[in-house]
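Please read the structure below before turning to the comments.
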Amino acid sequence: MLGFVLRRALSAIPSLFGLLVVTFLLIRIVPADPAAALAGDNATPQQIAAIRHQYGFDRPIGEQLIIYIGQVFRFNFGESQYSHRPVGLDIRQRLPATLELTFGSLLFATLVGIPIGVVAGVYHNRWPDFVLRLFSITGVAIAAFWFAIMLQLLFSMQLDWLPLRGRTGTGIVLPSEVTGSLLLDSLIAGRLDVFADALRHLVLPVATLSLGALASIARFTRAGVLETMQKDFVLYERAVGYPRWRLIWIYVLRNSVIAAVSQIGLLFGALIAGAVVVESIFDWPGIGNYTVQAILTADYKVMLAVTLLIGVIYTIVNILTDLTHGLLDPRLWEQL
Amino acid sequence: MQISRREFGALAAAALAFRGQSAAAVEAGVFVAGQDLPANLDPAQVLDVQATQYALNAYDNLYRYEGNPAKMQPWLATDHTVSADGLTWEFKLREGVKFHDGSELTADDVVYSFQRLLAIRRAPAGPLQPILKPDSVSAPARHTVRFTLAQPFGPFFAMIPMVAIVNPRAIKPNEENGDWGAKWLASNEAGSGAYRLLPAGYVPLERADLEKYDDHFMGWSDNPHPIKRIEWRPAKVTSTRVLALLNGTLDMTDSFLPVDQVERIDKSSNAHVAKNVTMRLLVIRMNNTKPPFDNLNARKAFAHSFNYSGFIDEIVKGNAVRDPVPIPNTIWGFPKDVSGYEFDLKKAKGYFDKAMGEGAPMKRPIQMHVQQPLEQTVQAGQLFQSDLATVGIDLKLVNDTFANLTSISSKAETTPDMWIHWVSAYYLDPDNWIGQMYDSKYHGTWKASCWYSNSKVDELLRKARFTTDQEDRGPLYEQAARLVVADSPDIWIYNMVEVCGVSNRVQGFRHCPVGSGGEMRWMYLSA
Numbered sequence: 079m080l081g082f083v084l085r086r087a088l089s090a091i092p093s094l095f096g097l098l099v100v101t102f103l104l105i106r107i108v109p110a111d112p113a114a115a116l117a118g119d120n121a122t123p124q125q126i127a128a129i130r131h132q133y134g135f136d137r138p139i140g141e142q143l144i145i146y147i148g149q150v151f152r153f154n155f156g157e158s159q160y161s162h163r164p165v166g167l168d169i170r171q172r173l174p175a176t177l178e179l180t181f182g183s184l185l186f187a188t189l190v191g192i193p194i195g196v197v198a199g200v201y202h203n204r205w206p207d208f209v210l211r212l213f214s215i216t217g218v219a220i221a222a223f224w225f226a227i228m229l230q231l232l233f234s235m236q237l238d239w240l241p242l243r244g245r246t247g248t249g250i251v252l253p254s255e256v257t258g259s260l261l262l263d264s265l266i267a268g269r270l271d272v273f274a275d276a277l278r279h280l281v282l283p284v285a286t287l288s289l290g291a292l293a294s295i296a297r298f299t300r301a302g303v304l305e306t307m308q309k310d311f312v313l314y315e316r317a318v319g320y321p322r323w324r325l326i327w328i329y330v331l332r333n334s335v336i337a338a339v340s341q342i343g344l345l346f347g348a349l350i351a352g353a354v355v356v357e358s359i360f361d362w363p364g365i366g367n368y369t370v371q372a373i374l375t376a377d378y379k380v381m382l383a384v385t386l387l388i389g390v391i392y393t394i395v396n397i398l399t400d401l402t403h404g405l406l407d408p409r410l411w412e413q414l
Numbered sequence: 003m004q005i006s007r008r009e010f011g012a013l014a015a016a017a018l019a020f021r022g023q024s025a026a027a028v029e030a031g032v033f034v035a036g037q038d039l040p041a042n043l044d045p046a047q048v049l050d051v052q053a054t055q056y057a058l059n060a061y062d063n064l065y066r067y068e069g070n071p072a073k074m075q076p077w078l079a080t081d082h083t084v085s086a087d088g089l090t091w092e093f094k095l096r097e098g099v100k101f102h103d104g105s106e107l108t109a110d111d112v113v114y115s116f117q118r119l120l121a122i123r124r125a126p127a128g129p130l131q132p133i134l135k136p137d138s139v140s141a142p143a144r145h146t147v148r149f150t151l152a153q154p155f156g157p158f159f160a161m162i163p164m165v166a167i168v169n170p171r172a173i174k175p176n177e178e179n180g181d182w183g184a185k186w187l188a189s190n191e192a193g194s195g196a197y198r199l200l201p202a203g204y205v206p207l208e209r210a211d212l213e214k215y216d217d218h219f220m221g222w223s224d225n226p227h228p229i230k231r232i233e234w235r236p237a238k239v240t241s242t243r244v245l246a247l248l249n250g251t252l253d254m255t256d257s258f259l260p261v262d263q264v265e266r267i268d269k270s271s272n273a274h275v276a277k278n279v280t281m282r283l284l285v286i287r288m289n290n291t292k293p294p295f296d297n298l299n300a301r302k303a304f305a306h307s308f309n310y311s312g313f314i315d316e317i318v319k320g321n322a323v324r325d326p327v328p329i330p331n332t333i334w335g336f337p338k339d340v341s342g343y344e345f346d347l348k349k350a351k352g353y354f355d356k357a358m359g360e361g362a363p364m365k366r367p368i369q370m371h372v373q374q375p376l377e378q379t380v381q382a383g384q385l386f387q388s389d390l391a392t393v394g395i396d397l398k399l400v401n402d403t404f405a406n407l408t409s410i411s412s413k414a415e416t417t418p419d420m421w422i423h424w425v426s427a428y429y430l431d432p433d434n435w436i437g438q439m440y441d442s443k444y445h446g447t448w449k450a451s452c453w454y455s456n457s458k459v460d461e462l463l464r465k466a467r468f469t470t471d472q473e474d475r476g477p478l479y480e481q482a483a484r485l486v487v488a489d490s491p492d493i494w495i496y497n498m499v500e501v502c503g504v505s506n507r508v509q510g511f512r513h514c515p516v517g518s519g520g521e522m523r524w525m526y527l528s529a
């Protein structure tokens, strides 16, 4: 298994390097002059020229690329052009919020999506199945932006049950940071008030972000269950009187979720991308919000670092997905 | 499944703990600001509306603009004198003013603040650089600051409120490689303003917490119940920002609200819209170096194709005043006799045909860049697009961001055919608008992105800049404006009525064109 992980990790390096080069060229090849944006209102042409020189924007693009790659190999992602803070520090500060949101959404989508998929598969072409199919299509088709606003209108404005935005309420003194996850850190510090507040703030963003994933997981699970239910071993077990739901939840489910697990791996990347929209609507202080700000202010070092980070996360999740496949079905190790 | 009474009680308690209090509760005495934060907290590095709002709270200035119409008010200075030749300016400082670290603010600190600004050479220094050198600022006495200008400079006094006074004793220990503490002050604060930043509560562009500075030089007797703490929590999306205002978790929005949201707030019982005529001009730029915009008749065809009254009356619902020249109609120097271009598609077609006859490529697709996050710019583009189509002009709208547009407009060849933006008030002098937009020495900056060049206009604007008497300067700007309008290099639409959503619990809101009413020391919260 270790050999497999090492092989996959090494094979990912050229992909990530390619991602870095292509992103750098795409961002820097457009006819924009970041120095002018950086100089701000009322800046004179001389000031803009001085900033261009100071940041090396007047050097050949190839030279800028080599310098940047050298920095990245030393895990130095440079400074934000605007805040002058190290990009690595800003990402470290914001990544836990995004991971909390993304893992929360994935967990919710998995815990709800798989049982729904199983029920729909078992009741094939009966009303639970029709309801699920309708839900799946709606869940995939619905725009996250619209759904988020509907949730805000209902649960924050009409019912006043859940907070509209942010990660905590006003006046909350945060526990000291251990993991970066507010839920975990508040539990570690024994601060149940902060835990409850953080959980309430997490509900609407998770509901929005997980909707598409939930529908997708349910659909794949349903398809897997339908296929497995046709297998001989199911017929045999049923013939010998094995309890029906025990058979479904243990044997049928295990043989049905491989496709859904692949889907979960892919969905993780989609969720990170989807977090850009969800974080903006709910003012969630994560990487998505940070990226939007970087795009709006043309802070290209932030854009590069975030793109690379998402690439790394995607790679890791893909490796983990393959490992999970192997654990669910040991025969697959031979193919990996 | 059976649930016992005890289990039900436990579940109910858990549910109550989870819900706890109203989701919309805000701590008493806390003001939640929804405006964007500046990209960087150093007042010497960033100049935009957000940076001005932050600096008005965390820092002080020698003089400050207050009210609407704005008036210069002595602030850290008690008064000033100017020599007859307009070259020597002396400002007397108040005594006993304290920075947030408790040290006294003296003339040496003012000298340091100006020298630091000039050394960092970012936007806030731009207008001062032509006339101020580091050794032009001196401190002849502990509470006297002297500026010695190389030549008389008309907008000098108007620019004084742009400079925030910083504390060198807080900055110098944090300097790195002679950076004047630029890196440190980007995330910290070294002022004497009415509120001080709590560094632990600051995350760039996400949040900033400021607390009331009890020892502020003005005292607080004018405001018996001032805001104790400001929690700056920018809302990125307009709908969320307005919903937060309506459910009481946010006290103030930005001043760029779209009309539908203004109507929504107007109907609410929790908040209202503060409407104030200001000095923010909406302009559609034309790149005068690119055909067909290098042709006067072509530019006039475009100028007559914009439905000014339709846009102002129907789309922005009257929250603007038609302004046909590149000077706000609320400031001196505005030429009252200029009516500008009116919406007249027949005239537009006439100019279109003339331009075609002169060989201008009027049929080529024209790209107009709009600022996607700012809905009004998109609406203006769509309206323009439909009217231009009837004239025979194919306008294509391109979504863009302000940062990218300011960036690509540094060269004539990369500046778009057209783009749309506002010009806000930073110093209240016509130079802030017409001076920087149409003097060719500013080519390469976004404000001069139409690449207009007229030697007579240059001469008038420079003469106005280097004349001190407002009586003499006014006619120069009026004359320059007439020439610019005749050349039709851009399309000037309106002077904005700022629409800012304010919670009903906020009292004492004072609008000023500089900072858009973001100075919070005047405000208090009703119960």
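Quick mapping for you: the protein sequence lines, in order, are chains V and B.
Residues in the first sequence are numbered consecutively from 79, following the working numbering.
Residues in the second sequence are numbered consecutively from 3, following the working numbering.
Don't be surprised by glycine CBs; every beta carbon is placed ideally from N, CA and C.
Predicted, not measured: the structure shown is a model, and the values here were computed from it.
Original post:
Whose C-beta lies closer than 7 Å to the C-beta of glutamine 263/B among residues of the same chain, with five residues either side of it excluded?
Top reply: Within the same chain, glutamine 263/B has close Cβ partners Thr240, Val244.
Original post:
Per DSSP, what kind of secondary structure is lysine 465/B in: helix, strand or coil?
Top reply: When secondary structure is reduced to three states using DSSP, lysine 465/B falls in the helix class.
**OP:** Helix, strand or coil for alanine 276/B, going by three-state DSSP, please let me know.
**Re:** It is a strand residue.
**OP:** For phenylalanine 262/V, name the three-state secondary structure that DSSP assigns.
**Re:** Note on identity: in this sequence residue 262/V is leucine, with phenylalanine being the wrong assignment. Helix, per DSSP.
Original post:
What residues in the region 128 to 145 of chain B bring their beta carbon closer than 9 Å to a beta carbon of chain V?
Top reply: The residues in question are Gly128, Pro129, Gln131, Pro132.
Original post:
In whole angstroms, what separates the C-alpha of alanine 383/V from that of serine 158/V?
Top reply: Pairing alanine 383/V with serine 158/V, the inter-Cα distance amounts to about 10 Å.
**OP:** Would you mind stating whether serine 161/V and alanine 188/B have Cβ atoms separated by less than 7 Å?
**Re:** Yes, the pair counts as a contact, with Cβ atoms nearer than the cut-off.
Original post:
Roughly how far, in whole angstroms, is the beta-carbon of methionine 281/B from the beta-carbon of asparagine 63/B, given that I think they are within contact range, below 8 Å?
Top reply: No, methionine 281/B and asparagine 63/B are not in contact; Cβ-Cβ is about 18 Å, not under 8 Å.
**OP:** Please specify which runs of the beta strand (DSSP E), each continuous and at least 3 residues long, are wholly inside the region 195 to 231 of chain B, giving them in chain order.
**Re:** Fully enclosed beta strand (DSSP E) runs of 3 or longer: 197 to 199, 210 to 214.
**OP:** Closer than 9 Å, Cβ to Cβ, to anything on chain B: give me those residues from the region 352 to 370 of chain V, in chain order.
**Re:** The residues in question are Glu357, Ser358, Ile359, Phe360, Asp361, Pro363, Asn367, Tyr368, Val370.
Subject >> C-beta neighbour in chain B for histidine 279/V, strict 7 Å >> reply: Closer than 7 Å: no.
**OP:** Closer than 9 Å by beta-carbon distance: list the chain V residues that pair up with valine 32/B, in chain order.
**Re:** Thr248, Gly249, listed in chain order.
Original post:
Hey, would you say leucine 390/B sits closer than 7 Å to leucine 397/B, going by beta carbons?
Top reply: Cβ distance < 7 Å, so leucine 390/B and leucine 397/B count as in contact.
Subject >> Between the CA atoms of glutamine 373/B and serine 223/B - distance to the nearest angstrom >> reply: Taking the straight line joining both Cα atoms gives about 44 Å.
Original post:
So which residues of chain V does leucine 207/B contact, with C-beta pairs closer than 7 Å?
Top reply: For the C-beta of leucine 207/B, the chain V residues within less than 7 Å are, from N- to C-terminus, Gln371.
Subject >> Opening and closing residue of the beta strand (DSSP E) in which tyrosine 314/V lies >> reply: Run containing tyrosine 314/V: none in the beta strand (DSSP E); it sits in the alpha helix (DSSP H), 310 to 317.
Original post:
How far does the alpha helix (DSSP H) with glutamate 97/B in it reach, from first residue to last?
Top reply: Counting along the chain, glutamate 97/B falls outside any alpha helix (DSSP H), and DSSP gives it neither H nor E.
Original post:
DSSP three-state call for aspartate 474/B: helix, strand or coil?
Top reply: Reduced to three states, the DSSP call for aspartate 474/B is helix.
**OP:** Can you tell me which of Asp87/B, Phe468/B, Ala482/B puts its alpha carbon nearest to the alpha carbon of serine 457/B?
**Re:** Measuring from the Cα of serine 457/B, the nearest candidate turns out to be Ala482/B.
Subject >> Host beta strand (DSSP E) of glutamate 500/B (start-end) >> reply: Taken as a continuous stretch (DSSP letters only), the beta strand (DSSP E) holding glutamate 500/B covers 492 to 505.
Original post:
Taking the alpha-carbon positions, what's the leucine 259/B to tryptophan 234/B distance?
Top reply: Taking the CA atoms as reference points, leucine 259/B sits about 18 Å from tryptophan 234/B.
**OP:** Look at the Cβ atom of alanine 192/B, then the Cβ atom of histidine 218/B, and state whether they are nearer than 7 Å.
**Re:** No, these two residues do not count as a Cβ contact at 7 Å.
Original post:
So is isoleucine 144/V in contact with chain B if we call contact Cβ pairs under 7 Å?
Top reply: Cβ-Cβ to chain B under 7 Å: no for isoleucine 144/V.
Original post:
Beta-carbon separation of serine 358/V and alanine 296/V under 7 Å?
Top reply: Not a contact, by the Cβ cut-off of 7 Å.
Original post:
Measuring CA to CA, which of Asn179/B, Pro236/B, Val147/B is closest to alanine 79/B?
Top reply: Checked all of Asn179/B, Pro236/B, Val147/B; the closest Cα to alanine 79/B is Val147/B.
Subject >> Backbone secondary structure at asparagine 396/V - three-state DSSP >> reply: Secondary structure at asparagine 396/V: helix, using DSSP grouped into helix, strand and coil.
Original post:
Whose CA, out of Lys449/B, His227/B, Cys514/B, lies closest to the CA of glycine 128/B?
Top reply: Looking at the Cα atoms, Lys449/B is the closest of the given residues.
Original post:
Between glutamate 233/B and chain C, is there a C-beta pair that is closer than 7 Å?
Top reply: In the structure shown, chain C cannot be found, because the protein chains are V and B.
**OP:** Please name the residue or residues paired with threonine 146/B in a DSSP beta bridge.
**Re:** Threonine 146/B is bridged to Lys94/B, Ala143/B.
Original post:
Is it the case that the Cβ atoms of proline 293/B and proline 363/B are separated by a distance below 7 Å?
Top reply: One thing to note: proline 293/B has its Cβ within 7 Å of the Cβ of proline 363/B.
Original post:
How many Å lie between alanine 293/V and valine 395/V at the Cα?
Top reply: Computed Cα separation, rounded: 20 Å.
Subject >> Residues that histidine 162/V contacts on chain B, provided the C-beta gap is smaller than 8 Å >> reply: Chain B residues near histidine 162/V: Asn42, Ala184, Lys185, Ala188, Ser189.
Subject >> Buried/exposed call for phenylalanine 311/V, threshold 16 Cβ in 10 Å >> reply: With fewer than 16 other Cβ atoms inside 10 Å of its own Cβ, phenylalanine 311/V counts as exposed.
Subject >> Sequence-distant residues of its chain with Cβ nearer than 8 Å to glycine 347/V (five each side left out) >> reply: Closer than 8 Å at the Cβ level, and outside the excluded window around glycine 347/V, lie Ile388, Ile391, Tyr392, Val395.
Original post:
Any contact of the region 498 to 515 of chain B with the region 342 to 355 of chain B, i.e. 3+ C-beta pairs under 8 Å?
Top reply: Cβ pair count under 8 Å is below three, so no.
**OP:** Classify tryptophan 334/B as helix, strand or coil using the three-state DSSP reduction.
**Re:** Looking at tryptophan 334/B - three-state DSSP - the assignment turns out to be coil, as it is neither helix nor strand.
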